[in-house]
């Protein structure tokens with residue numbers, strides 16, 4: 010059944026960092042620089058098909074990277090807004106603490122003047138003029154030389170001074186955090202813009218290659234798989250529901266960056282299917298690879314998400330029997346294919362009560 014109020018998708022079970030490379034290394038046990046995804050090439054395909062698939066793979070990788078950078082930009086901007094508000098609140102608290110310290114100074118100055126006509130108490134004046142009132146008191150035992158009434162005023166001043174100093178340090182630290190978050194957001198914005206340009210260039214090249222391909226080459230690219238896999242998958246649970254919904258989209262074309270309902274890319278199909286059953290999913294495959302519970306491929310069951318390439322750049326939904334549903338690449342359609350050897354991870358989506 011579909012999740013109602015009080016249920017949520019269980020997300021990644023490990024701590025994640027803002028660095029995409031670290032995320033992927035943590036999920037798939039990977040390291041080193043990113044590489045192009047393995048192209049989806051039917052067995053025995055001619056060179057023209059391989060070249061077309063390679064162009065598709067470059068475009069798909071660049072599109073995923075662009076979409077991921079766009080998602081990260083939203084996260085960075087939210088973080089920058091939050092830290093800026095915290096910095097503003099800390100600065101207001103510091104201003105209030107300094108005002109309280111100044112009021113306490115006025116009170117003890119007035120009391121000392123009233124008690125000693127003709128000027129301030131010498132020791133008290135020395136206290137107020139020192140760089141650290143508490144340190145001065147520790148050395149001179151000043152509180153033993155003034156009245157109990159004045160001790161209360163002096164202690165209030167000391168307490169207010171300590172609070173003001175702490176608030177000032179906190180405000181300075183929050184301001185540094187806000188500056189750092191703003192810088193992170195700007196770097197992410199620059200990266201998103203660069204990756205978008207890369208994606209546009211790769212997609213344009215792939216589209217040109219597709220337009221120039223012969224009918225025979227396009228037919229060979231689409232070879233393999235089926236678009237009439239049964240939708241009545243047995244079983245229960247949110248993953249099975251999402252799989253059944255996704256299977257209704259068989260035969261619809263692949264399109265870079267598309268999330269349905271008439272065209273899809275790989276992660277767009279997964280996101281759309283889970284949205285239909287009331288569960289939000291990240292937009293791109295490398296973030297979807299952080300959701301749910303990791304399981305070994307030999308234990309995969311229908312509804313599990315399968316991820317491909319290192320770093321992750323492709324995703325599909327397991328249907329059982331060594332097959333999975335995918336939106337494979339441009340020039341092809343949503344279909345059920347044989348699981349390929351470049352599989353890099355399996356995640357199981359479960360629900361838990363909030």
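Residue numbers (my numbering): 10 to 363. Cβ atoms here follow ideal geometry from the backbone N, Cα and C, with glycine treated the same way. Keep in mind it's a predicted model, so treat the numbers as computed, not measured.
Relative to residue 345, the option among 357, 329 and 352 whose CA is nearest is 329. Here the alpha carbon of residue 208 sits roughly 52 Å from the alpha carbon of residue 106. Residue 260 counts as exposed, since fewer than 16 other C-beta atoms from the protein chains shown sit within 10 angstroms of its C-beta. By the neighbour-count criterion, in which 16 or more other beta carbons inside 10 Å mark a residue as buried, residue 271 falls on the exposed side.
Residue environment: residue 320 is assigned as buried (16 or more neighbouring CB atoms within 10 Å of its CB, all protein chains considered).
Scanning 192, 263, 229 and 170 for the CA closest to the CA of residue 216 turns up 263. If you draw a straight line from the Cα of residue 103 to the Cα of residue 198, it comes to about 32 Å. When the alpha-carbon of residue 297 is set against those of 276, 310, 306 and 286, the nearest one is in 276.
The DSSP-derived three-state label of residue 235 is strand. DSSP places residue 279 in the uninterrupted alpha helix (DSSP H) bounded by 275–285. Counted as a single uninterrupted DSSP element, the beta strand (DSSP E) harbouring residue 334 occupies residues 332–335. In the three-state DSSP reduction, residue 310 falls in the coil class, being neither helix nor strand. The Cβ-Cβ distance between residue 212 and residue 278 does not fall below 8 Å. Annotation: residue 337 to residue 348 spans about 12 Å, alpha carbon to alpha carbon. The stretch 173–180 makes contact with the stretch 92–100: 3 or more CB pairs, one atom from each, lie closer than 8 Å. Residue 172 sits in a helix when the DSSP states are folded into three classes. Across the structure, residue 322 and residue 334 are spaced so that their CA atoms are roughly 15 Å apart.
When beta bridges are read from the DSSP output, residue 324 appears opposite 316. Going by DSSP, residue 249 is part of the alpha helix (DSSP H) stretching over 247–256.
Rounded to the nearest whole angstrom, the C-alpha separation of residue 317 and residue 356 is 12 Å. By the neighbour-count criterion, in which 16 or more other beta carbons inside 10 Å mark a residue as buried, residue 115 falls on the exposed side. Between residue 243 and residue 312, the alpha-carbon positions lie close to 11 Å from each other. Residue 65 sits buried, since 16 or more C-beta atoms from the chains shown fall within 10 Å of its C-beta. The beta carbon of residue 48 lies closer than 6 Å to those of 62, 63 and 66 in the same chain, with the five residues before and after it left out. One Cα belongs to residue 94, the other to residue 109, and the distance between them is close to 23 Å.
In this structure, the beta-carbon distance from residue 240 to residue 253 falls below 8 Å.
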